[in-house]
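Let me begin by presenting the structure, written as structure tokens, before commenting on it.
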Amino acid sequence: MIELTFLGTACMAPTKERSHPAVFLSYGAENLLFDCGEGTQRQLKIAGIKPARITKLLISHWHGDHILGIPGLMSTMGAEQHSGVLDIYGPKGTKEYISLMVHSFVSKDLIEFRVHEVLDGKIFENEEFVLYAAPLKHSAPCIGYSFVEKEKRKMNLSACKKLNLTPGPLMGKLQAGQSIMLNGKKITPEESTILVPGKKIVYLTDTRPCSNALKLAEKADLLITDATYKNDQQDKAESHFHLTTHEATQIANEAGVKKLVLTHISQRYKNAKELEQEARQYFDDTLAAVDFMKVSV
850 MIELTFLGTA CMAPTKERSH PAVFLSYGAE NLLFDCGEGT QRQLKIAGIK
900 PARITKLLIS HWHGDHILGI PGLMSTMGAE QHSGVLDIYG PKGTKEYISL
950 MVHSFVSKDL IEFRVHEVLD GKIFENEEFV LYAAPLKHSA PCIGYSFVEK
1000 EKRKMNLSAC KKLNLTPGPL MGKLQAGQSI MLNGKKITPE ESTILVPGKK
1050 IVYLTDTRPC SNALKLAEKA DLLITDATYK NDQQDKAESH FHLTTHEATQ
1100 IANEAGVKKL VLTHISQRYK NAKELEQEAR QYFDDTLAAV DFMKVSV
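If you read the sequence shown in the numbering used here, its first letter stands for residue 850, the second for the next number, and so on.
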């Protein structure tokens, strides 16, 4: 199960209801934070999430509303004795900016971290999932990310019954993709198991429509995307390099997305339901994110 907590859903300026952008993704032992705007520490505490749990920080770009929470967060993680290494991903310039932050605000002895400047393609892989990145179309270098769970092999119980297979080590080998011998007969994973596709989560923020947005979002189970403006603010969306609700739904429709969540909401809107209702005219399974909203995939 992939669990997401929307910690901040505002854009340039926080409001009484919305904090600066940050999304927390939890998957097994891995806990990813997408962006870390001002106030993210407080949002984590309210949500009951210990900062020391974070294993990866993925920065979309270096505009203030997406990064001003980083120095305080790293200081707190160090004080809470963060175990392991914090991996930080971001666009070109991230190494320099993190170095300046650490030099100014964070004791190097408190927290161990690695910085990865990314542009396009696979940026991380383990046995359970893969992370991809691609550049988006914004006024500053900006990266979109996708989290892709690997397919899992599950036992086909009806096939196992016909093959006289019972729970035990042999089933474990089949589930691991290995063939076995049973009563002198070879049994393969293909005839005794089912491959279940993994889930895909995509994070796109601060962008205009572009081919990389579509590429990242393709067949996503959940697309989290910038929808800063309603459709009547098309000129502002273009001049500030953001999306309208309709443009967000166009990406979702063209990419074959299952569920769409709108975030990075302009402070001009007191109730995000306005944007949600507008978007649902074009893509039915749409939610406008609110702070502390949880989604499981």
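Every residue gets a Cβ at the ideal spot worked out from N, C-alpha and C, and that includes glycine. Quantities reported herein were computed from a predicted structural model and do not represent experimental measurements.
Asked, Found
"Run through the DSSP bridge pairs and tell me what L917 is partnered with.", "BP columns for L917 are empty, so no partner."
"To the nearest angstrom, how far is it from the Cα of E852 to the Cα of N1032?", "43 angstroms"
"For the beta strand (DSSP E) containing H987, name the first residue and the last one.", "Element bounds for H987: n/a, residue is neither H nor E."
"Are K1068 and V1106 close, meaning C-beta to C-beta below 9 angstroms?", "yes"
"Here's the rule I'm using: 16 or more other beta-carbon atoms within 10 Å means buried, otherwise exposed. How should T1074 be labelled?", "buried"
"In terms of residue numbering, what span does the beta strand (DSSP E) encompassing D1075 cover?", "L1071 to D1075"
"What are the boundary residues of the beta strand (DSSP E) that R891 is part of?", "Not the beta strand (DSSP E): R891 falls in the alpha helix (DSSP H), residues T889 to A896."
"Could you give the uninterrupted runs of the alpha helix (DSSP H) lying entirely in the region 1031 to 1078, keeping only those of 4 residues or more?", "1038 to 1041 and 1060 to 1066"
"What is the DSSP secondary structure of S909, reduced to helix, strand or coil?", "coil"
"Go ahead and pull the three-state DSSP assignment for A1101.", "helix"
"For the 8 angstroms Cβ check, are there 3 or more pairs between the region 924 to 931 and the region 1010 to 1017?", "no"
"Name the two residues that bound the continuous alpha helix (DSSP H) containing L1124.", "K1122 to R1129"
"Using only the alpha-carbon positions, how far apart do W911 and G939 sit?", "9 angstroms"
"Output the distance between the C-alpha atoms of A1076 and E998, rounded to the nearest integer angstrom.", "25 angstroms"
"Going straight from the alpha carbon of F978 to that of N1080, what length do you get?", "36 angstroms"
"What is the DSSP secondary structure of N1080, counted as helix, strand or coil?", "helix"
"Can you tell me whether K1003 is helix, strand or coil according to DSSP?", "strand"
"Give me whichever residues DSSP pairs with V997 in a beta bridge.", "V979 and K1049"
"What distance in whole Å lies between the Cβ atoms of T854 and I898, which are believed to be in contact at a cut-off of 8 angstroms?", "7 angstroms"
"Cα-Cα, which of F1090, K1003 and Y876 is closest to R902?", "Y876"
"Might you give, ordered along the chain, the residues of its own chain that have their beta carbon closer than 6 angstroms to the beta carbon of K1022, omitting 5 neighbours on each side?", "I1029"
"Kindly confirm or deny that the region 969 to 985 and the region 949 to 960 touch, where touching means at least three C-beta pairs closer than 8 angstroms.", "no"
"Exposed or buried, what is G913 when buried is set at 16 or more other beta-carbons lying within 10 Å of its beta-carbon?", "exposed"
"Check whether the Cβ atoms of L882 and T889 lie closer than 9 angstroms to each other.", "yes"
"Cutting at 6 angstroms between CB atoms, please list the residues of its own chain near R867, excluding the five before and the five after it.", "T858, A859 and D1140"
"Could you tell me whether the Cβ atoms of D1003 and Q1024 are closer together than 9 angstroms?", "Note that residue 1003 is Lys in the sequence shown here, rather than Asp. Cβ atoms of K1003 and Q1024: closer than 9 angstroms."
"Give me, in chain order, the residues of the same chain whose beta-carbon lies closer than 6 angstroms to that of L1053; leave out the 5 immediate sequence neighbours on both sides.", "G993, A1062 and T1074"
"To which residues does DSSP link I992 through a beta bridge?", "P984"
"Under a Cβ-count criterion, where at least 16 other Cβ atoms within 10 Å of its own Cβ denotes burial, should T1098 be classed as buried or exposed?", "buried"
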